[in-house]
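Below: one structure, written as structure tokens.
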Amino acid sequence: MNRQETEKLIARYYAAFNAADPAGMLAVVSDDIEHRVNEGATRLGRAKFEEFCAHMGVSYREELRDMVIFASEDGSRAAAEFTVHGEYLQTDPGLPEAKGQRYILPAGAFFDVKDGRITRVTTFYNLADWTAQVSA
Numbered sequence: 292m293n294r295q296e297t298e299k300l301i302a303r304y305y306a307a308f309n310a311a312d313p314a315g316m317l318a319v320v321s322d323d324i325e326h327r328v329n330e331g332a333t334r335l336g337r338a339k340f341e342e343f344c345a346h347m348g349v350s351y352r353e354e355l356r357d358m359v360i361f362a363s364e365d366g367s368r369a370a371a372e373f374t375v376h377g378e379y380l381q382t383d384p385g386l387p388e389a390k391g392q393r394y395i396l397p398a399g400a401f402f403d404v405k406d407g408r409i410t411r412v413t414t415f416y417n418l419a420d421w422t423a424q425v426s427a
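Per this note's numbering, the sequence shown starts with residue 292, numbered consecutively.
Here it is, written out as structure tokens:
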């Protein structure tokens with residue numbers, strides 16, 4: 292893949308995210324996806340990624356805005372920067388109680404891409420900022 296193809300792939304991934312379409316997200320990741328979440332354990336494989344997507348859909352309602360996507364010339368690596376506009380719907384273990392709190396959070400992600408599929412997603416955001424917003 293080249294830079295433009297990878298940027299379109301990442302845009303499809305995030306369009307599916309914004310549409311609350313986990314099947315659309317799964318359609319663009321590899322079977323051996325490596326999913327690294329901010330402050331969390333690495334999840335390996337499609338099944339673990341699918342579990343994460345299902346959990347997120349129950350606990351959070353999020354829309355990513357102000358999306359900017361970058362990719363290397365050869366298309367093997369990419370990054371995205373965006374703002375998360377969310378609502379905390381169901382309490383996550385170890386986190387503050389969910390009461391429908393809204394939050395706005397700058398975030399970003401890094402990707403590896405191979406054979407037209409995303410093989411790694413690493414997401415970063417400021418957990419202390421999110422915690423302060425939902426605890427206010």
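C-beta: ideal position from N, C-alpha, C; glycine also.
None of these values were measured; they are calculated from a predicted model.
Fully contained in the segment 305–344 are the following beta strand (DSSP E) runs of length 3 or more, in chain order: 320–327 and 333–335. Going by beta carbons, A398 and F415 fall inside the 9 Å limit. For T374, the uninterrupted beta strand (DSSP E) run begins and ends at R368 to Y379, by DSSP. Three or more beta-carbon pairs separated by less than 8 Å are not found between the segment 372–386 and the segment 315–323, which leaves the two stretches without contact. Per the coordinates, the alpha-carbon of A314 lies some 32 Å from the alpha-carbon of A423.
With fewer than three CB-CB distances shorter than 8 Å, the segment 340–352 does not count as touching the segment 360–368. DSSP places G399 in the strand class (E or B) of the three-state scheme. When V425, Q295 and D357 are compared, the shortest CA-CA separation from E378 is found for V425.
Of the candidates T382, R334, Q381 and D357, D357 places its Cα closest to the Cα of F373.
Using a Cβ distance threshold of 9 Å, T297 and A400 do not count as a contacting pair. Its chain contains N329 and E330 as the residues whose beta carbon lies nearer than 8 Å to that of L418, once the 5 sequence neighbours on both sides are disregarded; these appear in chain order.
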